[in-house]
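Since the structure comes first, as structure tokens, the remarks are kept for the end.
There are 2 protein chains.
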Amino acid sequence: MPQLPAFDVMTATCPSRTSLVRIANKWTAMVVIALSSGRMRFRDLRATVDGISAKVLTETLRDLERDGLVTRHMYAEVPPRVEYELTALGRTLHAPLHALGSWAEDHITEVLAARESYDARQ
Amino acid sequence: MPQLPAFDVMTATCPSRTSLVRIANKWTAMVVIALSSGRMRFRDLRATVDGISAKVLTETLRDLERDGLVTRHMYAEVPPRVEYELTALGRTLHAPLHALGSWAEDHITEVLAARESYDARQ
DNA sequence: CTGTATCCGCTATGATACTG
DNA sequence: CAGTATCATAGCGGATACAG
Numbered sequence: 001m002p003q004l005p006a007f008d009v010m011t012a013t014c015p016s017r018t019s020l021v022r023i024a025n026k027w028t029a030m031v032v033i034a035l036s037s038g039r040m041r042f043r044d045l046r047a048t049v050d051g052i053s054a055k056v057l058t059e060t061l062r063d064l065e066r067d068g069l070v071t072r073h074m075y076a077e078v079p080p081r082v083e084y085e086l087t088a089l090g091r092t093l094h095a096p097l098h099a100l101g102s103w104a105e106d107h108i109t110e111v112l113a114a115r116e117s118y119d120a121r122q
Numbered sequence: 001m002p003q004l005p006a007f008d009v010m011t012a013t014c015p016s017r018t019s020l021v022r023i024a025n026k027w028t029a030m031v032v033i034a035l036s037s038g039r040m041r042f043r044d045l046r047a048t049v050d051g052i053s054a055k056v057l058t059e060t061l062r063d064l065e066r067d068g069l070v071t072r073h074m075y076a077e078v079p080p081r082v083e084y085e086l087t088a089l090g091r092t093l094h095a096p097l098h099a100l101g102s103w104a105e106d107h108i109t110e111v112l113a114a115r116e117s118y119d120a121r122q
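Going line by line, the protein sequences match chains H and F. By UniProt numbering, the letter at position 112 of the first sequence is numbered 112, and the numbering carries on one by one without gaps. By UniProt numbering, the letter at position 13 of the second sequence is numbered 13, and the numbering carries on one by one without gaps.
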């Protein structure tokens, strides 16, 4: 029997699980990766994170702001301008999420080959 | 204007996005972390990944197997025994996902404080 | 431009019962 | 034990319209 990892996130009732659920999410990952290059406007985020709707982007940013990962900067201009920026805490999350994005790109050939092989077998 | 990250996963139609979507997922993260300690039986995975249903665990393992991240070992015994193991490719995914789990645990205090502060403001 | 407000379908997930 | 099958439901997420 392999040694079990003593990982709190594995416990459904542990608070850290709620945090993992939020960060282990495609939209969160892409938004944080996008923001790693610096402060960005709402519309630029929407353009960068291809396919995200305004509603989902708004909700994702709100959740990130609530968790202390993102700061919201509003400008009283017309038309209005709002910029989002990673907090110090948010920047500590960049490396893990960026690693996930890099993994997806670095291994896509192997993954696609595996899928093809699997589907051919079934 | 900050420099935009030239990240394929940001493009909705890029194959690597489909891979990111799969790995940037709470269940995937927890199952891969659990399997990092070695080969495990279905029931032990269910017990380790607290709260996961048999159905979801089955589907998660199938998806991971299809992407070439997990190998399935069946034993013709009664009662049946099935073990799951990370492939070489799957093991390369452990570090990024483990980092995510560690992040959730290491920063849960800050996250909870941020949530409390945010909720109090609203 | 940056949202909010609906409406709503689809998918993810859970519960339960059943099979080999 | 390790699933599969079925059903029920919540919430994610898309489309659209509208507001400040």
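Ideal Cβ placement from N, Cα and C applies to all residues, glycine included. Quick caveat: nothing in here was measured; it's all calculated off a predicted structure.
Distance CB(residue i)-CB(residue j) smaller than 8 Å
{"i": "H/Phe7", "j": "F/Gly101", "result": "yes"}
{"i": "F/Leu97", "j": "F/Ala29", "result": "yes"}
{"i": "H/Asp67", "j": "F/Arg115", "result": "yes"}
{"i": "F/Glu65", "j": "H/Tyr118", "result": "yes"}
{"i": "F/Glu110", "j": "H/Leu89", "result": "yes"}
{"i": "F/Ala12", "j": "H/Gly51", "result": "yes"}
{"i": "H/His73", "j": "H/Glu83", "result": "yes"}
{"i": "F/Ala99", "j": "H/Ala99", "result": "yes"}
Contacting residues, own chain, Cβ-Cβ under 7 Å from residue i (five flanking each side not counted)
{"i": "F/Val9", "result": "Ser16, Arg17 and Leu20"}
{"i": "residue 154 of chain H", "result": "This structure does not reach residue 154 of chain H, given that chain H is present from 1 up to 122, and the question cannot be answered."}
{"i": "F/Ala104", "result": "none"}
{"i": "F/Ala54", "result": "Arg46"}
{"i": "H/Asp63", "result": "Arg22"}
{"i": "H/Ile108", "result": "none"}
Per DSSP, the bridge partner or partners of residue i
{"i": "F/Leu86", "result": "F/Val70"}
{"i": "F/Tyr75", "result": "F/Arg81"}
{"i": "H/Arg41", "result": "H/Glu83"}
Residue i CB to nearest heavy atom of the ligand SAM below 7 Å
{"i": "H/Thr60", "result": "Among the components of this structure there are no ligands whatsoever, and the ligand SAM is therefore not found."}
Residues near residue i in its chain [Cβ-Cβ closer than 8 Å; skip 5 each side]
{"i": "H/Val49", "result": "Trp27, Met30, Val31, Ala34 and Leu57"}
{"i": "F/Cys14", "result": "Asp8"}
{"i": "H/Pro80", "result": "Met74"}
{"i": "F/Ser36", "result": "Leu86, Arg91, His94 and His98"}
Contacts around residue i, its chain only, beta-carbon distance under 6 Å, and the 5 residues preceding and following it disregarded
{"i": "F/Thr71", "result": "Glu85 and Thr87"}
{"i": "F/Ala95", "result": "none"}
Sufficient close CB pairs (3 or more, under 8 Å) joining the stretch 44 to 56 of chain F to the stretch 39 to 57 of chain H:
Not touching, per the Cβ criterion.
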